[in-house]
Amino acid sequence: MSVDATAPLRVLVVDRDPHVRADVISLLQTSDELEVIAETAQAGDAVDLAERLRPDIVLLDADAARTGHAAPLSRASRVFVLASPGDTGVETALRGGASGHLVPGVFTVRDLIRGVRDASRLSLGLSARESEVMDLIATGRSNGEIARQLFLSEKTVKNHVNRIYAKLGVSSRATAIGAWRGMMSLLPAKE
């Protein structure tokens with residue numbers, strides 16, 4: 001996958017209920033930031049699809065989460081559980097490596113993208129300000145543009161960028177954007 005800031009995040013939708021799956025896909029298709037690359041009703045098929053297609057995000061129903069499918073899927077993708085509040089599958093999935101929880105019929109595209117960014121921020125160890133700078137980097141803005149938008153000096157922005165690169169273990173904007181967008185497989189494993 002391209003790490004270009006304009007490339008959409010690739011999504012795999014896994015839900016046994018065909019109506020829920022269709023509603024989620026319909027919602028995601030309203031955004032230029034997301035692309036549904038596959039869907040399945042079977043959790044076992046999801047693992048095979050994820051290994052072959054390498055989605056950035058997997059939306060996984062609570063039944064699949066309860067049966068332990070979040071753990072293998074979360075090794076290469078951000079996994080979000082689609083479940084009602086208080087569903088036991090959510091806790092199981094979060095312990096297995098899922099990034100978050102979304103309520104079908106209630107969440108928006110913005111909620112999903114914010115969840116991906118929050119999960120990236122937490123796992124990458126960025127401060128709130130560094131995350132704000134990284135959001136702007138991911139939209140293709142230069143240091144000067146970021147400085148003007150955040151009312152900072154260009155030197156301060158450059159310092160933030162250098163700290164971001166150090167925390168991510170990267171040396172280029174493209175690789176930083178890839179990490180920020182949830183493509184952790186691009187980064188060397190941290191010991």
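Residue 124 in full-length UniProt numbering sits at position 124 of the sequence shown, with consecutive numbering throughout. Idealized CB from N, CA, C, for every residue including glycine. Keep in mind that this is a model prediction, so the values were computed, not measured.
- Non-local beta-carbon contacts of Gly144 in its own chain, meaning distances under 6 Å to residues more than five positions away in sequence, involve Glu154 in chain order.
- Residue state for Thr40 is assigned as strand, using DSSP reduced to three classes.
- Annotation: Ile37 to Ala147 spans about 36 Å, alpha carbon to alpha carbon.
- Runs of the beta strand (DSSP E) lying entirely within the region 72-101 and spanning at least 3 residues, in chain order: 78-82.
- Bridge partners of Val58 according to DSSP: Leu12 and Val79.
- With contact defined as three or more Cβ pairs closer than 8 Å, the region 19-27 and the region 42-52 are not in contact.
- Excluding the 5 residues flanking it on each side, Leu9 has same chain C-beta neighbours closer than 8 Å at Glu33, Leu34, Glu35, Asp56, Ile57, Ile113, Val116, Arg181 and Gly182, in chain order.
- Under the three-state reduction of DSSP output, Glu51 falls in the helix class.
- Asp61 is classed as buried because its beta carbon has at least 16 other beta carbons within 10 Å across all chains shown.
- In the structure shown, Leu152 falls within a coil segment according to DSSP collapsed to helix, strand and coil.
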